[in-house]
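These notes are about the structure you will find just below.
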Amino acid sequence: MKKQVNLIIKDRVIRYMVSKSESVEGVMDYGEFYLDTDIIDDGKVANPERFALILEKLVRKKRWKGKQLAFCVPDAFVTIREQLVPKEFTKEEMKSYINMELEESIRLPFSDPVMDFVVIGEENNQSKILLFAYPKERMKEFIDTFIQVGLKPVIADLSSLSVYRLYFQLDLASTEEHLLSVQWGKDAIVLTAFNKNKPVFTRYIKSTLNKNGWKWRAEDNDLYWNGEVEELDQVKEEQLVTIERFMDFYQYSVMDGTNQITKIVLSGDFPELDNIKQEMEERFNLKVETMEQALKDKMKLPSRYLDVLGLAIKNR
Numbered sequence: 006m007k008k009q010v011n012l013i014i015k016d017r018v019i020r021y022m023v024s025k026s027e028s029v030e031g032v033m034d035y036g037e038f039y040l041d042t043d044i045i046d047d048g049k050v051a052n053p054e055r056f057a058l059i060l061e062k063l064v065r066k067k068r069w070k071g072k073q074l075a076f077c078v079p080d081a082f083v084t085i086r087e088q089l090v091p092k093e094f095t096k097e098e099m100k101s102y103i104n105m106e107l108e109e110s111i112r113l114p115f116s117d118p119v120m121d122f123v124v125i126g127e128e129n130n131q132s133k134i135l136l137f138a139y140p141k142e143r144m145k146e147f148i149d150t151f152i153q154v155g156l157k158p159v160i161a162d163l164s165s166l167s168v169y170r171l172y173f174q175l176d177l178a179s180t181e182e183h184l185l186s187v188q189w190g191k192d193a194i195v196l197t198a199f200n201k202n203k204p205v206f207t208r209y210i211k212s213t214l215n216k217n218g219w220k221w222r223a224e225d226n227d228l229y230w231n232g233e234v235e236e237l238d239q240v241k242e243e244q245l246v247t248i249e250r251f252m253d254f255y256q257y258s259v260m261d262g263t264n265q266i267t268k269i270v271l272s273g274d275f276p277e278l279d280n281i282k283q284e285m286e287e288r289f290n291l292k293v294e295t296m297e298q299a300l301k302d303k304m305k306l307p308s309r310y311l312d313v314l315g316l317a318i319k320n321r
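The sequence shown begins at 6 in the working numbering and counts up by one.
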């Protein structure tokens, strides 16, 4: 199997992983490259020239030219929603139907989307699908740059699905559970509820912290918080309240009070995730899984790489 480059791009960092197969054991190399604040802003390429220059340098240094690329689209613009379509339709007919309905009944927060969907069941004698949508112009910005620097984009994925893929492959998933994936990052938090191994509902919440407060330290090759500790604690508390509200919304609005979140999987690059895990377990009275134990026999990997590892093991 050919070597594949896997990239996750956040506002302040590019994380990469090179894999030679669709398994954890197939990982050959991984690392990260930190970005200045003005290159990617809230998932948009704010400075295309500098972004291309950084990628070009990385491609040259790592000898990735001509390699296949899998990447996750930035989380800020992802929309996931359930939709009903006529049961007798083939997949192609469903596609045409969705495109037609975009004008009328399917309301998206942007025009001209890139879309994909999976059939998740039946309701009222119709097929129930899960629709994933993303603005085409945002996607194009990234794809054009990847091609420009000599990479061959073959897979575009969602980071929440990548985290779940790893969770599933490590045999941690159960069909009946109502799982909340918490991707707690320095720039944002992504909450996604899963049931029957499928995403049901997702929410992206941008961090209110000033992103200039994060400073890069060469000896750790990491961003550390340079502002007031109180500010960091306050945002942490706000995020925990947001998670609580999300779980309530899932229980009462999405599930009509019949089911609730039964387990949490935590990943991300926010400082002191271990303490956050403990705090969440006490506060929500739920098991919080970090995948650390399940991974430990295969490889030692910081939790900020879990999404890119989940991307690397996706079927090609």
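A virtual CB, placed ideally from N, CA and C, is assigned to each residue, including glycine.
None of these values were measured; they are calculated from a predicted model.
Less than 8 Å between the CB atoms is what I'm expecting for residue i and residue j, so what's the real figure, rounded?
i, j, result
"aspartate 158", "phenylalanine 151", "In the sequence on display, residue 158 carries proline and not aspartate. Their Cβ separation, rounded to whole angstroms, is 5 Å, which keeps proline 158 and phenylalanine 151 in contact under 8 Å."
"lysine 211", "aspartate 47", "6 Å"
"phenylalanine 94", "tyrosine 102", "6 Å"
"glutamate 37", "asparagine 226", "7 Å"
"lysine 92", "glutamate 127", "7 Å"
"glutamate 97", "aspartate 117", "That belief does not hold up - the Cβ atoms of glutamate 97 and aspartate 117 are roughly 20 Å apart, past 8 Å."
"valine 168", "aspartate 312", "5 Å"
"arginine 68", "arginine 309", "So it is not a contact: roughly 24 Å between Cβ atoms."
"isoleucine 111", "proline 204", "Not confirmed; about 18 Å, so no contact."
"leucine 306", "leucine 300", "6 Å"
Cβ atoms of residue j and residue i: under 7 Å apart, would you say?
i, j, result
"lysine 70", "valine 78", "no"
"leucine 171", "leucine 314", "yes"
"valine 195", "serine 165", "yes"
"phenylalanine 275", "tryptophan 189", "yes"
"asparagine 320", "glutamate 27", "yes"
"threonine 213", "valine 234", "no"
"valine 23", "aspartate 16", "no"
"leucine 184", "phenylalanine 199", "yes"
"alanine 138", "leucine 163", "no"
"tyrosine 209", "alanine 317", "no"
Could you name the residues of the same chain whose beta carbon sits closer than 7 Å to that of residue i, not counting the 5 residues immediately before and after it, in chain order?
i, result
"valine 154", "Ala57, Leu60, Glu61, Val64"
"isoleucine 248", "Val187, Leu196"
"methionine 304", "Val29, Val32"
"arginine 288", "Leu245"
"leucine 228", "Arg17, Tyr39, Lys191, Trp219, Lys220, Trp221"
"lysine 25", "Met6, Lys8, Gly31, Met33"
When DSSP labels each residue in this structure, what does residue i get in the three-state scheme?
i, result
"glutamate 128", "strand"
"asparagine 217", "helix"
"leucine 228", "strand"
"isoleucine 4", "Any question about residue 4 goes unanswered here, given that the chain covers just 6 to 321."
"valine 119", "strand"
"threonine 84", "strand"
"methionine 33", "strand"
"aspartate 330", "For the chain, the structure presents residues 6 to 321; residue 330 sits outside this window and is missing."
"threonine 180", "coil"
"alanine 193", "strand"
"aspartate 162", "strand"
"valine 154", "coil"
"threonine 95", "coil"
"phenylalanine 275", "coil"
"threonine 295", "coil"
"proline 53", "helix"
"isoleucine 14", "strand"
"alanine 198", "strand"
"valine 64", "helix"
"glutamine 265", "coil"
"leucine 74", "strand"
"arginine 222", "strand"
"lysine 211", "strand"
"isoleucine 111", "coil"
"valine 285", "Correcting the residue type first, residue 285 is methionine in the shown sequence and not valine. The answer is helix: DSSP assigns methionine 285 an H, G or I state."
"serine 28", "coil"
"lysine 203", "strand"
"leucine 3", "Given that the chain is displayed from residue 6 to residue 321, the structure contains no residue 3 and the question cannot be resolved."
"methionine 252", "helix"
Between residue i and the rest of its own chain, which residues show a CB-CB distance below 8 Å, the 5 nearest in sequence each way excluded?
i, result
"leucine 74", "Gln9, Val10, Asn11, Leu12, Phe151, Leu156, Lys157, Pro158, Val159, Ile160"
"methionine 144", "Val78, Val119, Ala161"
"alanine 51", "Asp43, Ile44, Ile45"
"leucine 237", "Leu214, Trp230, Pro276"
"lysine 282", "Leu271, Val293, Thr295"
"asparagine 129", "Leu89"
Spatial neighbours of residue i within its chain, please: C-beta separation below 6 Å, excluding the five flanking residues on both sides.
i, result
"glutamine 88", "Ile134, Leu136"
"lysine 216", "Thr42"
"valine 259", "Phe206"
"lysine 201", "Thr180"
"serine 132", "Val90, Lys92, Val124"
"methionine 99", "Val90"
"glutamine 256", "Gln265"
Run the proximity test for residue i: is its beta-carbon closer than 6 Å to any non-hydrogen atom belonging to the ligand GDP?
i, result
"glutamine 188", "Absence of the ligand GDP is noted for the structure shown, with no ligands found whatsoever."
At least three beta-carbon pairs within less than 8 Å, the segment 174 to 184 to the segment 262 to 279: yes
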